[in-house]
Amino acid sequence: MRYYIGLMSGTSLDAVDAALVCFNDKRCELQQHLALPIADDLRQQALSLLNPGNNELARLCRLDVQLGRLFAQAVQALLMQADLDSSMISAIGSHGQTLRHYPDSDFPTSLQIGDPNIIAEQTGITTVADFRRRDMAAGGQGAPLVPAFHQAMLQDNRYNRAIVNIGGIANITVLANDPDKPVIGFDTGPGNALLDSWTQQQLQQTHDKGGKWAARGICHAALLDNLLKDPYFRQTPPKSTGRETFNLRWLEKSLQHFPGLHAQDIQATLVELTAITIAQAILEYSPDTDQVLICGGGSHNTFLMQRLALHLPEQTIQSTHSAGIDPDWVEAMAFAWLAKQTMDGQTGNLASVTGAQHPLILGGIYPATTQLEPHPHATHV
Ligand SMILES: Nc1ncnc2c1ncn2[C@@H]1O[C@H](COP(=O)(O)OP(=O)(O)O)[C@@H](O)[C@H]1O
Ligand SMILES: [Mg+2]
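Start counting the sequence shown at 499; every next residue gets the next number (our numbering).
Here it is as structure tokens:
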């Protein structure tokens, strides 16, 4: 049995998710998983580097190494938990921590850090990383990348499905029951990142558990309208976004027009913004949806789920559990799968989603010293 490990550290900056996965036929089984918390000082360093500031390069280099070590540590803890030797693992797929995502710039690029050289060296496992930039080099958004995995695992000939991943940013994948129809997928806008930032600022808590705080607030209609005016929501896909767009400064620009609002009402408005932008994406791009399958940490926000259900009265809303995949591990599993695709010489992006000129083998390979197989046509001198 050969295993793959997926490492995901999303825009929420809550934890490093590590998933041990094995693939057989078209199925993918989650064997073990763990979430290694990101210490406060590391999270603060990453957050401060998300925005321009002093001596960024030196701070970037340092964080790149610190995160590389943390990712290696997550793999080692996962192997220990699974009681497996590193030689059993074919490859690690490491997403890395996104610090910048500039898909629509004249110089499109995306920066994920957490040095894969360190991961490969410390674990002794071949590591695939930097998945986004090859897609961008071919004219794509470099994001979202999970739709190809969603298609491989969750496409069903009986149902039109919409998969909604609510991480720091939310993204949707439209999977028609006809497998020949091109997959649609894009970032809908903010997921948990704004909710978390506002909660952190107002309550000094990492997140609003279950959305309980928001649930006691009242959505402010004019503020909501103002937030919804952001051109991103009207842009047609392919499109992707990040924390450099949807952050507290973005919120504060709108709040200037509405002085004196209660913090709790602002949180309720942000939940409504998240629910409405996801619902609108589904109604516009997947009006025939039978099943909406939710994954990501946002699936635990009960209030957000209630608001989403209210805006999608015709659809069944369930967690990806109902289709056999644990909602908390979909993204980490996706990066295990993406690593497998790359190692197998298979493409990982969907051109219909990212807008790239063609499908591509994604990522850079950082070989474990003892594992690199010689090329079959290599000549020995
Ligand atoms: N019980 C909960 N109630 C509300 N929100 C939650 C809960 N559990 C997780 N979350 C949210 O999910 C986020 C983590 O989601 P995740 O899918 O890991 O995102 P990312 O991929 O950006 O790291 C947390 O920061 C938090 O906002
Ligand atoms: Mg996370």
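Note that beta-carbon positions come from the ideal geometry of N, C-alpha and C, so glycine has one too.
This one's a predicted model, so the numbers in the text were calculated from it and none came from an experiment.
Identify the residues that DSSP records as bridge partners of E527: which are they?
Note: E527 sits in a beta bridge opposite C520.
Does DSSP put N669 in a helix, in a strand, or in coil?
strand
Specify, as a first and last residue, the run of the beta strand (DSSP E) that H809 falls within.
H809 -> not in any beta strand (DSSP E); alpha helix (DSSP H) instead, spanning T800 to H809.
Let me check you understand the geometry: is the CB of D685 closer than 7 Å to at least one non-hydrogen atom of ligand 2?
Result no, Cβ not under 7 Å from ligand 2.
Within the chosen definition, does the stretch 572 to 589 reach the stretch 501 to 510 through at least 3 CB pairs nearer than 8 Å?
yes
Is N724 closer than 8 Å to S442 when the C-beta atoms are compared?
As displayed, the chain neither begins before 499 nor continues past 879, which places residue 442 out of reach and without an answer.
Are three or more beta carbon pairs between the stretch 585 to 605 and the stretch 833 to 841 nearer than 8 Å?
yes
Can you pull every residue whose C-beta falls closer than 5 Å to some heavy atom of ligand 2, listed in chain order?
G508, S510 and D512
If you drop the 5 nearest sequence neighbours on each side, which residues of the same chain put their C-beta closer than 7 Å to that of Q703?
T697
Have a look at the DSSP bridge pairing and note the partners of I890.
Only positions 499 to 879 of the chain appear in this structure, which leaves residue 890 out of reach.
Check whether the stretch 679 to 695 and the stretch 651 to 670 are in contact - that is, three or more C-beta pairs closer than 8 Å.
yes
Is it buried or exposed, H750, if we count other Cβ atoms within 10 angstroms and call 16 or more buried?
The sequence shown places Glu at residue 750, rather than the His named in the question. E750 comes out exposed.
Measure how close the beta-carbons of L802 and A773 come, nearest whole angstrom, since I'm counting them as under 8 Å.
Yes, L802 and A773 are in contact; Cβ-Cβ is about 6 Å, under 8 Å.
How many whole angstroms separate the CB atoms of A627 and Y864, which I take to be in contact at a CB cut-off of 8 Å?
7 Å
Report the partner residues of Y501 according to the DSSP bridge assignment.
C520 and I587
Taking a contact to mean a Cβ-Cβ separation below 8 Å, would you say T596 touches G709 in this structure?
no
Taking its Cβ as the centre, do 16 or more other Cβ atoms sit within 10 Å of N615, making it buried, or is it exposed?
exposed
Give the single residue among A779, G566 and P825 whose Cα lies nearest to the Cα of Q733.
The shortest Cα separation from Q733 among A779, G566 and P825 belongs to A779.
For the candidate residues G551, F647 and A516, whose alpha-carbon lies nearest to that of Q844?
For the residues G551, F647 and A516, the minimum Cα distance to Q844 belongs to F647.
Would you give the residue range spanned by the beta strand (DSSP E) that G862 belongs to?
From DSSP, the beta strand (DSSP E) with G862 extends over G862 to Y864.
Please name the residue in Q700, K727, V769 and N675 whose C-alpha comes closest to that of I716.
Looking at the Cα atoms, V769 is the closest of the given residues.
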